[in-house]
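This report concerns only the one structure given below.
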């Protein structure tokens, strides 16, 4: 079974530029998540999709971050314009559902490391 | 809002010994799931163990066990017979409703 795919693995940009990250979840997983992990910290949820609808985007800085999940499969996270504090690893994860049971287990991609100069 | 607290930024353990990583949480929900993940230096997040809030028995997965004390809202991870490959960051996470929130993590170092 193929895992969660993310690209690019690494990206270096200057502040005020834009960047986009792509994620393809495990086939059949209805729920998709984007997390931001700053060095030395735990992952912070940015946005959660159920199929192609948004379940939770309360911690997404909407003035500069946007995300979409067209057709309920793959997803794109965009940052425009980037700030220095956006330097982090962006983790995509998927799960069968978002219940409190074992089926709510998250499967993670390898992450996309962003450096903003 | 739910909160997950891991009070140990770093822990050391001798190879082949057992170690306990602490996790406390705060939620008003009665139904929730608790998860532990391992993150080696390579960066991937690896699922270790799950405990449901209504599970009466503590979860076990190989060398991993979860010491679940519901009244104290704690879900400590116990790793038995530590191995050098266990050196990594360990994250406690909770899912009380829709989303999954993570603690700040504990860095475990296994000494030979």
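Protein chains in written order, with the numbering used here: chain A, 1 to 117; chain B, 118 to 229. Heads up, the beta-carbon is just placed ideally off N, CA and C, and yes, glycines get one too.
Taking the alpha carbon of residue i as the point to measure from, which residue in the options has its own alpha carbon closest?
i             : options                       : result
residue 69/A  : 80/A, 88/A and 93/A           : 93/A
residue 164/B : 140/B, 227/B, 225/B and 155/B : 155/B
residue 119/B : 212/B, 226/B and 171/B        : 212/B
residue 28/A  : 115/A, 74/A and 78/A          : 74/A
residue 47/A  : 113/A, 14/A, 40/A and 23/A    : 23/A
residue 50/A  : 86/A, 19/A, 32/A and 21/A     : 32/A
residue 109/A : 159/B, 133/B and 146/B        : 159/B
residue 121/B : 215/B, 210/B, 135/B and 195/B : 210/B
residue 4/A   : 25/A, 91/A, 81/A and 40/A     : 25/A
residue 187/B : 123/B, 229/B, 133/B and 150/B : 150/B
residue 224/B : 39/A, 77/A, 106/A and 64/A    : 39/A
residue 77/A  : 112/A, 100/A, 102/A and 103/A : 112/A
residue 71/A  : 91/A, 52/A and 102/A          : 52/A
residue 103/A : 169/B, 173/B and 177/B        : 169/B
residue 180/B : 190/B, 218/B, 166/B and 191/B : 166/B
residue 128/B : 203/B, 215/B and 214/B        : 203/B
residue 198/B : 145/B, 227/B and 147/B        : 227/B
Could you give the residue range of the beta strand (DSSP E) that holds residue i?
i             : result
residue 226/B : 223-228
residue 192/B : 191-196
residue 119/B : Counting along the chain, residue 119/B falls outside any beta strand (DSSP E), and DSSP gives it neither H nor E.
residue 206/B : 205-212
residue 5/A   : 5-7
residue 95/A  : 88-95
residue 200/B : Element bounds for residue 200/B: n/a, residue is neither H nor E.
Would you identify the three-state DSSP class for residue i, choosing helix, strand or coil?
i             : result
residue 184/A : What is shown of chain A runs 1 to 117, which leaves residue 184/A out entirely.
residue 127/B : strand
residue 106/A : coil
residue 10/A  : strand
residue 100/A : coil
residue 113/A : strand
residue 180/B : coil
Next on the checklist: Taking beta-carbon pairs under 8 angstroms, can you tell me which members of the segment 166-188 of chain B lie near chain A?
Outcome noted: Correct list: 167, 169 and 170.
Next on the checklist: For a minimum of 4 consecutive residues, which ranges assigned as the alpha helix (DSSP H) are wholly contained in the segment 132-176 of chain B?
Outcome noted: Scanning the segment 132-176 of chain B from its first residue to its last, no whole alpha helix (DSSP H) run of 4-plus residues comes out.
Next on the checklist: To test your reading of the DSSP string, which unbroken beta strand (DSSP E) runs of 3 or more residues are found completely within the segment 18-85 of chain A?
Outcome noted: Along the length of the segment 18-85 of chain A, whole beta strand (DSSP E) runs at least 3 residues long occupy 19-24, 31-37, 44-50, 53-56, 65-68 and 75-79, reported in chain order.
Checklist entry - When Cβ atoms are compared, which residues of the segment 43-60 of chain A fall closer than 7 angstroms to chain B? => result Going along the segment 43-60 of chain A in chain order, one finds 43, 45, 48, 55 and 56 with a Cβ nearer than 7 angstroms to chain B.
Checklist entry - When you check each C-beta in the segment 72-100 of chain A against every C-beta of chain B, which residues fall closer than 9 angstroms? => result Listed in sequence order: 89, 91, 93, 95, 98, 99 and 100.
Checklist entry - Quick one, which residues of the segment 120-141 of chain B are near chain A if we go by CB-CB under 7 angstroms, in chain order? => result Residues: none.
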